[in-house]
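Asker: Below are the structure tokens for one structure; questions will follow.
In the numbering used here, the protein residues as written are 9 to 311.
Encoded structure:
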């Protein structure tokens with residue numbers, strides 16, 4: 009939709025002489041359609057179709073919210089967790105080991121490179137989380153958090169974000185980062201959350217996005233009954249107590265029956281089911297409840 013003439017007209021209208029100079033030096037043809045300039049350089053122009061390219065595969069990424077997030081997330085939550093990245097250059101301040109050691113999802117900037125060589129920088133990690141966490145929250149809120157590999161992304165992000173909180177925690181000495189061109193180690197702790205305005209996103213993660221587990225559920229028709237078949241996936245990798253609640257409503261949306269079951273999700277997850285009576289035209293809703301996130305809706309089915 010870019011129009012050189014419209015931009016120049018708006019610059020005159022708003023009295024923006026400085027940008028107008030550079031637009032006119034480049035010219036309409038180059039800005040709109042691209043080509044070679046007088047110095048031998050090339051530009052593609054603003055009217056060509058805009059596409060995204062994956063940083064790992066170099067393939068085109070479709071213009072779809074989940075696909076775009078997935079492309080950046082696989083680059084960000086990219087490494088196996090290490091508590092000692094480059095020997096004496098990148099390690100936990102108190103010498104402890106991350107509880108996520110060896111799991112996939114450590115953030116890229118903990119094991120990166122720059123023109124000077126090795127770089128492991130908690131500050132840069134926070135800059136990436138500052139966009140990744142609210143982007144994930146937005147996708148969930150708008151109903152775009154859907155994809156065949158969603159569970160893989162959720163686990164990578166769970167590991168990466170929680171590992172970062174551990175690494176930067178003052179209780180564990182902070183993260184001893186390193187940049188070769190600075191030739192020094194830098195202790196990085198929770199305080200940099202304040203400088204980058206990231207406390208808000210830390211709360212978004214812990215109160216809205218983070219789940220120690222997730223559940224996949226289908227509700228099957230059993231005549232006068234319905235059965236909720238649930239598969240729990242455990243990201244915490246420690247036992248998680250949860251209550252599964254299945255409620256049946258009549259055609260007027262009045263509650264007619266409730267069944268609840270206490271479930272302990274093991275390290276490798278758990279499969280379980282709850283059966284409830286129902287009427288013709290019923291709606292069956294499935295919930296989970298735990299002490300951290302409270303009551304959450306899982307799914308519903310209409311019969």
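Virtual Cβ for every residue (Gly too), placed ideally from N, Cα, C. Owing to the predicted nature of the structure, the values given are computational and were not obtained by experimental measurement.
#1: How is residue 296 classed by DSSP in three states: helix, strand or coil?
#2: Could you tell me the distance, in whole angstroms, from the CA atom of residue 272 to the CA atom of residue 254?
#3: Can you check whether the C-beta of residue 43 is within less than 8 Å of a C-beta belonging to chain B?
#4: Figure out for me which residue from 143, 231, 96 and 139 has the closest Cα to the Cα of residue 188.
#5: Name the two residues that bound the continuous alpha helix (DSSP H) containing residue 81.
#6: Tell me which residue opens and which closes the beta strand (DSSP E) that residue 306 is part of.
#7: Here's a check: name, in chain order, each residue in its chain whose Cβ is nearer than 6 Å to the Cβ of residue 52, leaving out the five neighbours to either side.
#8: What is the rounded straight-line gap between the Cα of residue 304 and the Cα of residue 250?
#9: Give the single residue among 141, 55, 176 and 294 whose Cα lies nearest to the Cα of residue 306.
#10: Looking at the strands, I want to know which residues DSSP matches up with residue 249.
#11: Between residue 92 and residue 99, which are expected to be in contact by the criterion C-beta below 8 Å, what is the C-beta distance as a whole number of angstroms?
#12: May I ask you to report which of helix, strand or coil DSSP gives residue 113?
#13: Please classify residue 238 as buried or exposed, where buried requires at least 16 neighbouring CB atoms within 10 angstroms.
#14: Does the segment 117-137 come into contact with the segment 53-62, if we say contact requires no fewer than three beta-carbon pairs (one atom in each stretch) closer than 8 Å?
#15: May I have the straight-line CA-CA distance separating residue 317 from residue 222, to the nearest angstrom?
#16: Check residue 140 in the structure and name its three-state DSSP category.
#17: May I have the straight-line CA-CA distance separating residue 94 from residue 178, to the nearest angstrom?
#18: Please work out which residues of its chain come closer than 8 Å, Cβ to Cβ, to residue 61, disregarding the five sequence neighbours upstream and downstream, and give them in chain order.
#19: Out of 233, 73, 246 and 123, state which residue places its alpha-carbon closest to the alpha-carbon of residue 274.
#20: Taking the alpha helix (DSSP H) that residue 286 falls in, what are its first and last residues?
#21: Excluding the five sequence neighbours on either side, which residues of its own chain have a C-beta within less than 7 Å of the C-beta of residue 174, listed in chain order?
#22: Secondary structure at residue 159, three-state DSSP: helix, strand or coil?
#23: Taking only the alpha-carbon atoms, compute the straight-line gap between residue 284 and residue 116 and give it to the nearest angstrom.
#24: Spell out a yes or no on whether the segment 208-224 and the segment 158-170 are touching, meaning 3 or more CB-CB pairs, one atom from each, closer than 8 Å.
#25: What are the start and end residues of the beta strand (DSSP E) that includes residue 97?
Answerer: The short version:
#1: As a working note, residue 296 is residue 288 in the chain shown. Secondary structure of residue 296 (DSSP, three-state): strand.
#2: Against the chain shown, residue 272 aligns to sequence position 264. Against the chain shown, residue 254 aligns to sequence position 246. Whole-angstrom Cα-Cα distance: 17 Å.
#3: Included in the structure is just one protein chain, with no chain B present.
#4: Numbered from 1 along the chain shown, position 180 holds the residue referred to as residue 188. Of 143, 231, 96 and 139, the residue nearest in Cα terms is 96.
#5: For the purposes of this step, residue 81 is identified with residue 73 of the chain shown, where counting begins at 1. For residue 81, the uninterrupted alpha helix (DSSP H) segment begins and ends at 73-84.
#6: Numbered from 1 along the chain shown, position 298 holds the residue referred to as residue 306. Counting along the chain, the beta strand (DSSP E) containing residue 306 begins and ends at 302-310.
#7: Translated into positions along the chain shown, residue 52 becomes position 44. Contacts found: 42.
#8: Here residue 304 refers to the residue found at position 296 of the chain shown. Here residue 250 refers to the residue found at position 242 of the chain shown. Residue 304 and residue 250 have their C-alpha atoms some 11 Å from each other.
#9: One-based indexing of the chain shown puts residue 306 at position 298. The shortest C-alpha separation from residue 306 is found at 294.
#10: Translated into positions along the chain shown, residue 249 becomes position 241. Answer by DSSP bridge pairing, in chain order: 272.
#11: Taking the first residue of the chain shown as position 1, residue 92 is located at position 84. Taking the first residue of the chain shown as position 1, residue 99 is located at position 91. Right, their Cβ atoms sit about 5 Å apart.
#12: Mapped onto the chain shown, residue 113 falls at position 105. Strand.
#13: On the chain shown, residue 238 is found 230 positions in, with the first residue counted as 1. Around the beta-carbon of residue 238, 16 or more other beta-carbon atoms lie within 10 Å, marking it buried.
#14: Cβ pair count under 8 Å is below three, so no.
#15: Residue 317 is absent from the structure shown; the chain starts at 9 and stops at 311.
#16: For the purposes of this step, residue 140 is taken as residue 132 along the chain shown, with counting starting at 1. Correct three-state label for residue 140: helix.
#17: Residue mapping note: residue 94 aligns to position 86 of the chain shown, counting from 1. Residue mapping note: residue 178 aligns to position 170 of the chain shown, counting from 1. Going from the Cα of residue 94 to the Cα of residue 178 covers about 21 Å.
#18: Residue mapping note: residue 61 aligns to position 53 of the chain shown, counting from 1. Non-local beta-carbon contacts of residue 61 in its own chain, meaning distances under 8 Å to residues more than five positions away in sequence, involve 67, 68 and 69 in chain order.
#19: By one-based count along the chain shown, residue 274 stands at place 266. When only C-alpha atoms are compared, the closest one is 246.
#20: As a first step, residue 286 must be located in the chain shown, where it is residue number 278. It is not in any alpha helix (DSSP H) - residue 286 carries neither H nor E in the DSSP assignment.
#21: Residue numbering aside, residue 174 sits at position 166 when the chain shown is read from its first letter. Within the same chain, residue 174 has close Cβ partners 106, 107 and 180.
#22: Start at 1 with the first residue of the chain shown, and residue 159 comes out as number 151. Secondary structure of residue 159 (DSSP, three-state): helix.
#23: What you label residue 284 is simply residue 276 of the chain shown in a count that begins at 1. What you label residue 116 is simply residue 108 of the chain shown in a count that begins at 1. Straight-line spacing of the CA atoms in residue 284 and residue 116 works out to 47 Å.
#24: At 8 Å Cβ cutoff, the stretches touch.
#25: On the chain shown, residue 97 is found 89 positions in, with the first residue counted as 1. Where residue 97 is concerned, the enclosing beta strand (DSSP E) stretches over 97-100.
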